[in-house]
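Numbering (my numbering), first residue to last: 3 to 252.
C-beta: ideal position from N, C-alpha, C; glycine also.
Working notes, beginning with the structure itself.
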């Protein structure tokens with residue numbers, strides 16, 4: 003969602019293609035010419051380069067479309083600060099990803115949701131999908147193990163406390179005092195960890211809808227995230243939620 007938000011914010015046309023984790027990886031590696039290391043979406047293919055990270059995509063969109071009619075997502079002299087908030091967001095996403103992964107072995111329905119949809123047309127589809135989803139989850143665990151090992155509840159709590167303090171120092175409005183990509187990434191993180199039950203909530207069936215250890219303590223951040231989404235999230239971004247896609251700029 004972070005990459006799509008930036009592209010839509012600047013009105014950059016692009017084409018999205020669905021990506022299925024696991025079975026789609028060989029094709030994605032071929033498309034971006036990366037045959038080793040971790041690959042994940044979002045990916046943006048431009049006429050001159052391939053960008054494999056949502057933050058890099060947002061920076062590219064900002065540099066590509068510096069026009070007076072657009073609010074700059076990367077205010078001058080704040081690039082390093084915004085990058086640090088993006089790193090905090092990634093850590094929070096890793097915490098929530100770990101929460102999801104820990105629930106999969108306990109929930110057959112989640113395993114089936116991890117399987118490619120084409121398997122749902124096969125005989126004994128429920129059992130096949132559950133087995134395939136288990137394999138896909140094992141691959142997923144291996145891919146993100148290095149991130150999982152350094153992310154924990156205390157770190158997530160500390161990051162949200164830092165967000166609360168940053169907002170308090172700027173009258174509760176924006177992290178840097180004016181809207182920036184730092185607000186985008188942290189509003190998305192708040193919605194993932196403390197979903198308000200509104201139109202932006204994306205939760206797999208069978209998975210608890212909140213991070214119970216964090217929700218009660220930090221639900222006061224939800225109104226702030228609401229205001230960021232309501233005022234700044236492009237309609238085209240909010241309408242597609244957080245699907246697995248790679249993108250090609252026109």
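- Boundaries for residue 166: no beta strand (DSSP E) harbours it, while the alpha helix (DSSP H) harbouring it runs 155-170, taken from the DSSP string.
- In its chain, beyond the 5 residues on either side, 236, 238, 239 have a beta carbon closer than 6 Å to the beta carbon of residue 10.
- The secondary-structure analysis by DSSP pairs residue 22 with nothing; it has no beta-bridge partner.
- Under the three-state reduction of DSSP output, residue 52 falls in the strand class.
- In the three-state reduction of the DSSP assignment, residue 178 falls in the coil class, being assigned neither a helical nor a strand state.
- In this structure, the CA atom of residue 16 is about 21 Å from the CA atom of residue 190.
- For residue 90, the number of other beta carbons within 10 angstroms of its own is at least 16, and it is reported as buried.
- Taking the Cβ atoms as the reference, residue 94 lies roughly 6 Å from residue 161, within the contact range of under 8 Å.
- Cβ-Cβ separation between residue 56 and residue 5: approximately 4 Å, consistent with a contact (criterion under 8 Å).
- At a Cβ-Cβ threshold of 8 Å, residue 47 and residue 30 do not count as neighbours.
- Counting the other Cβ atoms within 10 Å of the Cβ of residue 62 gives 16 or more, which makes it buried.
- Per DSSP, reduced to three states, the secondary structure at residue 9 is helical.
- When DSSP states are grouped into helix, strand and coil, residue 220 belongs to the helix group.
- Leaving aside the five residues that flank residue 230 on each side, the residues in its chain whose CB is nearer than 6 Å to its CB run, in chain order, 185, 189.
- Under the three-state reduction of DSSP output, residue 233 falls in the helix class.
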